[in-house]
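Chains A and C, in that order, are what the protein sequence lines are.
Be aware that the first sequence starts at 5, since it is given in my numbering, and climbs by one per residue.
Be aware that the second sequence starts at 5, since it is given in my numbering, and climbs by one per residue.
Below is one structure, written out as structure tokens; comments come after it.
There are 2 protein chains.
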Amino acid sequence: MSGNSLDFPARLRAAGLRPTRQRVALARVLFEAGHRHVTAESLHAEVKASRMSVSLATVYNALNQFRDAGLLREVVVAPGRSYFDTNTGHHHHFYIEPDGELHDFPSEKVTIAGLPTPPKGTRLSRVDVIVRVRR
Amino acid sequence: MSGNSLDFPARLRAAGLRPTRQRVALARVLFEAGHRHVTAESLHAEVKASRMSVSLATVYNALNQFRDAGLLREVVVAPGRSYFDTNTGHHHHFYIEPDGELHDFPSEKVTIAGLPTPPKGTRLSRVDVIVRVRR
DNA sequence: GCAAGTTTTAGAATAGTTCTAATCTTCTTG
DNA sequence: CAAGAAGATTAGAACTATTCTAAAACTTGC
Ligand SMILES: [Mn+2]
Ligand SMILES: [Mn+2]
Ligand SMILES: [Zn+2]
Ligand SMILES: [Zn+2]
Chain A
5 MSGNSLDFPA RLRAAGLRPT RQRVALARVL FEAGHRHVTA ESLHAEVKAS RMSVSLATVY
65 NALNQFRDAG LLREVVVAPG RSYFDTNTGH HHHFYIEPDG ELHDFPSEKV TIAGLPTPPK
125 GTRLSRVDVI VRVRR
Chain C
5 MSGNSLDFPA RLRAAGLRPT RQRVALARVL FEAGHRHVTA ESLHAEVKAS RMSVSLATVY
65 NALNQFRDAG LLREVVVAPG RSYFDTNTGH HHHFYIEPDG ELHDFPSEKV TIAGLPTPPK
125 GTRLSRVDVI VRVRR
């Protein structure tokens, strides 16, 4: 009884999205294995290799819709490209600079103490920790 | 006896850069007041308003050279644009999401405990903390 | 099955950034 | 301080990631 069933049409419907062939194919690639970090281009290449072809515009549309629906989270670590993360829970990232690889690490064991209060008139939205490493 | 004198030609030379008219004008705008966070476009607009005109290509060249020389640091917080930061010391950022504003906060009072060790074959390069807030 | 609303798509458009190559400036050397 | 070499600036073209447009193809509820 996992909250993340493999019935992708149902999961899309639950998120308020019509389960079109393209969205189901993308959801399958994104969610059927463990957590993933993809770019629009990498996902497009992957889904193309998996028989069903989906246009790049649709990949961008789906990634933005999935993010807006809370199925994905967007991660900005490098100028010029966005990553989309199937892990929507609290966690942080290693970013391996030369190859552009992202790895999760849990936020549970990490303690951030002494953060100042947000500037006047603002509310906290999210705290991102990016540990940049090189080979 | 500040390490950051207002003799911009000398500072540029010390960084291994020829003190051309354009670079001196940009350095003045960037470094003569306190710490700043600029984008290429915002710096271009600012320097244009200050009498001397500098092409956008030169602004990009100078920002990249200043960063490579250690005079600036590049901050990636939003998809599609880079910020350049005149504060090159250890510190972290508030990012005010709707308006794209960046504010520093010192890393001295912030303690990050329990960070996992970098993946095999990698060395730590930098830890970025971005506190995203909205109005 | 049909109509009504949605989605997909190819290709055009846009935004931020980098590149090209001609011109101009700065520096070195005599 | 003049001349030449090396380096910098610039306009505009090119490039990359992403979004937009509008026409054709789907999905859905009846
Ligand atoms: Mn987006
Ligand atoms: Mn750059
Ligand atoms: Zn992640
Ligand atoms: Zn800063």
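Here a beta-carbon is modelled for each residue, glycine too, at the ideal position from N, C-alpha and C.
Residue i at chain C interface by Cβ criterion, 7 Å
i: GLY118 of chain A; result: yes
i: LYS124 of chain A; result: no
i: SER86 of chain A; result: yes
i: THR92 of chain A; result: no
i: ARG32 of chain A; result: no
i: THR43 of chain A; result: no
i: PRO83 of chain A; result: yes
Residue i burial status per 10 Å Cβ neighbour count (16 or more: buried)
i: ALA49 of chain A; result: exposed
i: HIS94 of chain C; result: exposed
i: PRO102 of chain C; result: exposed
i: SER86 of chain A; result: buried
i: THR126 of chain A; result: buried
i: ASP72 of chain A; result: exposed
i: ASP89 of chain A; result: buried
i: LEU128 of chain A; result: exposed
i: MET5 of chain C; result: Bear in mind that a pLDDT of 49 at MET5 of chain C, under 50, signals an unreliable position, so the number given afterwards is only what the model happens to contain. The residue in question, MET5 of chain C, is exposed, as its Cβ has fewer than 16 Cβ neighbours within 10 Å.
i: ARG22 of chain C; result: exposed
i: GLU10 of chain A; result: In the sequence as presented, Glu is not what sits at residue 10 of chain A; that position holds Leu. Its Cβ having fewer than 16 others within 10 Å, LEU10 of chain A is exposed.
i: ALA31 of chain C; result: buried
As assigned by DSSP and simplified to three states, the class of residue i
i: ALA44 of chain C; result: helix
i: GLU50 of chain C; result: helix
i: PRO83 of chain A; result: coil
i: LEU76 of chain A; result: coil
i: PRO110 of chain C; result: strand
i: THR115 of chain C; result: strand
i: VAL63 of chain A; result: helix
i: LEU21 of chain C; result: coil
i: LEU128 of chain C; result: strand
i: ARG71 of chain C; result: helix
i: ARG136 of chain C; result: strand
i: MET5 of chain C; result: Note that MET5 of chain C scores 49 on pLDDT, short of 50, meaning its location in the model is unreliable; the coordinates nonetheless yield the value given after this. Coil.
i: GLY93 of chain A; result: coil
Test: residue i CB closer than 7 Å to a CB of chain A
i: SER129 of chain C; result: yes
i: SER111 of chain C; result: no
i: ASP132 of chain C; result: yes
i: THR115 of chain C; result: yes
i: LEU136 of chain C; result: The sequence as given places Arg at residue 136 of chain C; Leu does not occur at that position. So, interface residue.
i: ARG139 of chain C; result: yes
i: MET5 of chain C; result: Confidence at MET5 of chain C is low in this model, with a pLDDT of 49, below 50, so the placement of that residue should be treated as unreliable; the coordinate-derived value is given next. No, MET5 of chain C lies away from the interface with chain A (no Cβ there is under 7 Å from its Cβ).
i: VAL28 of chain C; result: no
Requested in this report: Answer yes if the segment 22-42 of chain C comes into contact with the segment 52-59 of chain C, meaning at least three C-beta pairs across the two stretches below 8 Å, and no otherwise.
Outcome: yes
**Report entry** Pocket of ligand 6 defined by Cβ to heavy atom distance under 7 Å
**Finding:** Looking at this structure, you won't find ligand 6 anywhere; what it does contain is ligand 1, ligand 2, ligand 3 and ligand 4.
Requested in this report: Check distances from the C-beta atoms of the segment 48-78 of chain A to those of chain C and list, in chain order, the residues that come in under 8 Å.
Outcome: GLU78
Query raised in the report: Contact between the segment 110-119 of chain C and the segment 65-85 of chain C: three or more CB pairs below 8 Å?
Result: no
Requested in this report: Please list the residues of the segment 96-107 of chain A that have a C-beta atom closer than 7 Å to any C-beta atom in chain C, keeping them in chain order.
Outcome: PHE98, ILE100, GLU101, HIS107
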